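*Asks:*
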Amino acid sequence: MTYDYAASMAEFQTSTQLKNYVCSDNFTDMSSSDLYLPVCPFPYMPEGWLIGDVTSLDDCSQTYAVSAPGYETKCMFFVLASIPGTAWMAYQLHYKNALLSKDKLFGNGRLGGGLTESEKIVWIGMLFGFSNMFLGSDINCWADRIDWRTTRTIFMGASVACLNHAVVILIRLWVIIADGGASKICPPWMIWLSRIMYIGCYVVEIGFSYLEVNSGKDPDTVGGISGNMGNVKYLWTVIFSVVQSFICIKYYRKIAAQLGDLTEDKKKVLNRTKRLCGLTSFFLIFFGLARFAGMAPRWGKTYQMLPPCEDMPIMDGLWFSRTLTTLFYPLMNRPKAKDKGGSGEGVANFKSTTVESEIASRASSSVAPEG
C-alpha cells in the first residue's frame, strides 16, 4: 500500500513542531531511522527547510541538497578525488596496449576472453573508479540527480561485486602458483568455484541492492531500506568471506612452503605474493565478521533516509574508503620495473599478481599451453 505522506505531515501544525520531530534525539543516525515516519517523499522537504522560513508544510519541493549546501561541495570533492586513481589505471592499460584493443577484449569471441587475469584486475579497478565518479555526483541522491531506487542501487551493487571479482581473480592466481604443476594451469575445481563466487557476487549484490529499496518495506516509503533484503547481501558476504579466506589461508601456507627451494629473485617475488595473500585473508575475515555482526539488528526493520538537520560535512566514512581504494588500487597494479623497457617481456603482468606472465595469461583455463 502506498505510504500516506500527507497523513504524516498532518500531525504537525507549525514548522517548529516539524523540526522538533525530525531533528529530535530519537533519529541520530541510520540505526535509529526505522522509527522515523517521513513527511515528504525522499529527497524532498518543505520549501525553506533549514535555509529560511517554511511557509507551507504542504509544499514538498525543496531537495535535501538545497537544505544542506555543503552537500554539493562534498559531492564535488569525492568526484575530483576519484579521478587521479581512475586515470592512472586507464594509463596502465593503455601502456600495456590493452585498453582499446579489440583482440584483447574479444580474444576468443567473448568479452574479456583475450585479457590476462592481471589485465582484468586493472579493468575492474578502472570500472570501479568510473562508478565512484558517477555516483559521487550525487552521493546520497539528495539532489535527485541520480535515482535512488534504480540507478544508484544498481551501480552501488555492481561496484561492490567488481571488487569481489578482483579478489576472486587474485586468489585463483595464487592457487595456480601452488597447485598448477609444471604447466601452471588452474585446477578445474578452482575454475568452477571462482565462477560461482564472482557470478554470485554480481547476482546478489545487484539484485538485492535493487530489492532492498523496492520491496520488503513496512512502511513502503520512497527512501525506505529493507533490513531483511539487505541482510541477504550481508549473508552472501559472510559466505563469500569464509570460503575465500579459507582458501587464502590454505594457500598462504602452501606458498610459504615453496620458498625454500627457490632462487633469491624468485623468493623475493613469492614473498610478496605470500604477504598479499595473508593481507587479503585478514581483510576478508574482518569484512565477513563486520557484516555478520550487523545482521541481527536489521531483521524486520525498514530504515529511512533522514532529512538534514544541519549542513553536510565533507567527510564520509564509506566514500572515504571507496576513494582510497581508487587511489591505492593502481599502486598495487603498476607495471613491474623490468617490464618498462618496451621489450614486451612479461607484458601481461602487474604487481598485484606477482606471478610470471605466462601464469597470469592462463589463470582462467584448465588447458595446458601448446608446445
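When we follow this note's numbering, the leftmost residue of the sequence shown carries the number 53, and every step to the right adds one.
Even glycine gets a Cβ: it sits at the ideal position worked out from N, Cα and C.
Only a predicted model underlies this, so the values are computations on that prediction, with no experimental measurement involved.
From Ser76 to Ser84, what does the alpha carbon distance come to, in whole angstroms?
*Replies:* Each residue's alpha carbon lies about 11 Å from the other.
*Asks:* Look at the alpha carbon of Asp111 and the alpha carbon of Met97, and state the distance between them as a whole number of angstroms.
*Replies:* Looking at the two C-alpha atoms, the distance is approximately 8 Å.
*Asks:* Just the C-alpha distance for Lys326 and Pro136, rounded to the nearest angstrom, thanks.
*Replies:* Approximately 29 Å between the Cα atoms of the pair.
*Asks:* Can you tell me the Cβ-Cβ gap for Leu109 and Phe64, rounded? I've got them flagged as a contact below 8 Å.
*Replies:* The pair is a contact, with the Cβ atoms about 6 Å apart (cut-off 8 Å).
*Asks:* Got a sec, what are the start and stop residues for the alpha helix (DSSP H) Met128 sits in?
*Replies:* Here the alpha helix (DSSP H) through Met128 covers 122 to 147.
*Asks:* Report the rounded CA-to-CA distance for Tyr143 versus Gly369, giving the unit in angstroms.
*Replies:* Between Tyr143 and Gly369, the C-alpha separation is close to 28 Å.
*Asks:* Look up Ile277 in the DSSP assignment and give the residues it is bridged to.
*Replies:* Paired residues: Tyr355.
*Asks:* Buried or exposed: Ile258, going by 16 or more other Cβ atoms within 10 Å of its Cβ?
*Replies:* Under this definition Ile258 is a buried residue.
*Asks:* Once you ignore the five residues that flank Glu397 on each side, which residues in its own chain have a CB closer than 6 Å to its CB?
*Replies:* Unreliable placement is indicated for Glu397, whose pLDDT of 38 sits below 50; no coordinate value is reported for it.
*Asks:* Enumerate in chain order the residues of its own chain whose CB-to-CB distance from Ser113 is below 7 Å, with the five nearest sequence positions on each side excluded.
*Replies:* Cβ within range, chain order: Tyr96, Glu99.
*Asks:* At the level of alpha carbons, what is the spacing between Ile173 and Ser183?
*Replies:* Taking the straight line from one Cα to the other gives about 15 Å.
*Asks:* Look up Ala59 in the DSSP assignment and say whether it is helix, strand or coil.
*Replies:* Of the three classes helix, strand and coil, the one that applies to Ala59 here is helix, per DSSP.
*Asks:* What are the boundary residues of the alpha helix (DSSP H) that includes Thr54?
*Replies:* Taken as a continuous stretch (DSSP letters only), Thr54 belongs to no alpha helix (DSSP H), as it is neither H nor E.
*Asks:* Is the beta carbon of Ile307 sitting closer than 8 Å to the one on Ile229?
*Replies:* Cβ distance < 8 Å, so Ile307 and Ile229 count as in contact.
*Asks:* So, at 6 Å on beta carbons, what are the nonlocal neighbours of Tyr73 in its own chain, with the 5 sequence-adjacent residues on each side left out?
*Replies:* Excluding residues within five positions, none has a Cβ falling inside 6 Å.
*Asks:* Starting from the Cα of Ala348, find the closest Cα among Leu322, Thr332, Gly282, Leu331 and give me that residue.
*Replies:* The residue with the shortest Cα to Cα distance from Ala348 is Gly282.
*Asks:* In its own chain, which residues sit with a C-beta less than 6 Å from the C-beta of Val274, not counting the 5 before and 5 after it?
*Replies:* These residues qualify, in order along the chain: Pro93, Phe94.
*Asks:* Say whether the segment 232 to 241 touches the segment 253 to 267, bearing in mind that this needs 3 or more beta-carbon pairs closer than 8 Å, one atom from each stretch.
*Replies:* In short, these stretches do not touch, since the Cβ pair count stays below three.
*Asks:* Going by C-alpha to C-alpha distance, which of Asp105, Ser134, Lys71 sits closest to Ile191?
*Replies:* Closest option to Ile191, Cα to Cα, is Ser134.
*Asks:* Only counting the same chain, and skipping five residues up and downstream in sequence, which positions put a Cβ closer than 8 Å to that of Ser119?
*Replies:* Met97, Trp101, Leu102, Ile103, Pro359, Pro360.
*Asks:* Is it right to say Val399 is buried, meaning 16 or more other beta carbons lie within 10 angstroms of its own, or is it exposed?
*Replies:* Low local confidence applies: a pLDDT of 38 at Val399 is under 50, so the model's placement there is unreliable, and no value is given.
*Asks:* In the DSSP assignment, find the beta strand (DSSP E) that holds Ser211 and state where it starts and stops.
*Replies:* Not the beta strand (DSSP E): Ser211 falls in the alpha helix (DSSP H), residues 205 to 231.
*Asks:* Could you check what DSSP says for Ser235 in three-state terms: helix, strand or coil?
*Replies:* Residue state, collapsed to three classes: coil.
*Asks:* Taking buried to mean at least 16 other C-beta atoms within 10 Å of its own C-beta, is Leu167 buried or exposed?
*Replies:* Classification for Leu167: buried.
*Asks:* From Lys392 to Gly352, what does the alpha carbon distance come to, in whole angstroms?
*Replies:* With a pLDDT of 43 at Lys392, under the threshold of 50, the predicted position of this residue should be treated as unreliable, though the coordinate-derived value follows. Each residue's Cα considered, the two are about 55 Å apart.
*Asks:* At a cut of 8 Å, does the segment 325 to 341 reach the segment 287 to 303 through at least three beta carbon pairs?
*Replies:* The answer is yes - the segment 287 to 303 touches the segment 325 to 341, with three or more Cβ pairs under 8 Å.
*Asks:* List the endpoints of the continuous beta strand (DSSP E) containing Met82.
*Replies:* That residue, Met82, is in no beta strand (DSSP E); it is neither H nor E in DSSP.
*Asks:* With Ile277 and Val265 assumed to form a contact (beta carbons below 8 Å), what rounded beta-carbon distance in angstroms separates them?
*Replies:* Confirmed, about 6 Å.
*Asks:* With distance defined between alpha-carbon atoms, name the residue in Ser333, Leu187, Phe334 nearest to Ser211.
*Replies:* Looking at the Cα atoms, Leu187 is the closest of the given residues.
*Asks:* Would you identify the three-state DSSP class for Gln296, choosing helix, strand or coil?
*Replies:* DSSP places Gln296 in helix when its eight states are reduced to three.
*Asks:* Got a sec? Which residues, its chain only, sit under 6 Å from Gly394 by beta carbon, not counting five neighbours each side?
*Replies:* Its pLDDT being 40, under 50, Gly394 is placed unreliably in this model, and the value from its coordinates should be taken loosely. Excluding residues within five positions, none has a Cβ falling inside 6 Å.
*Asks:* Identify, in the order they occur along the chain, each residue of the same chain with its Cβ nearer than 7 Å to the Cβ of Thr125, setting aside the five sequence neighbours on each side.
*Replies:* For Thr125, where only same-chain residues beyond five positions count, the Cβ hits under 7 Å are Ile366.
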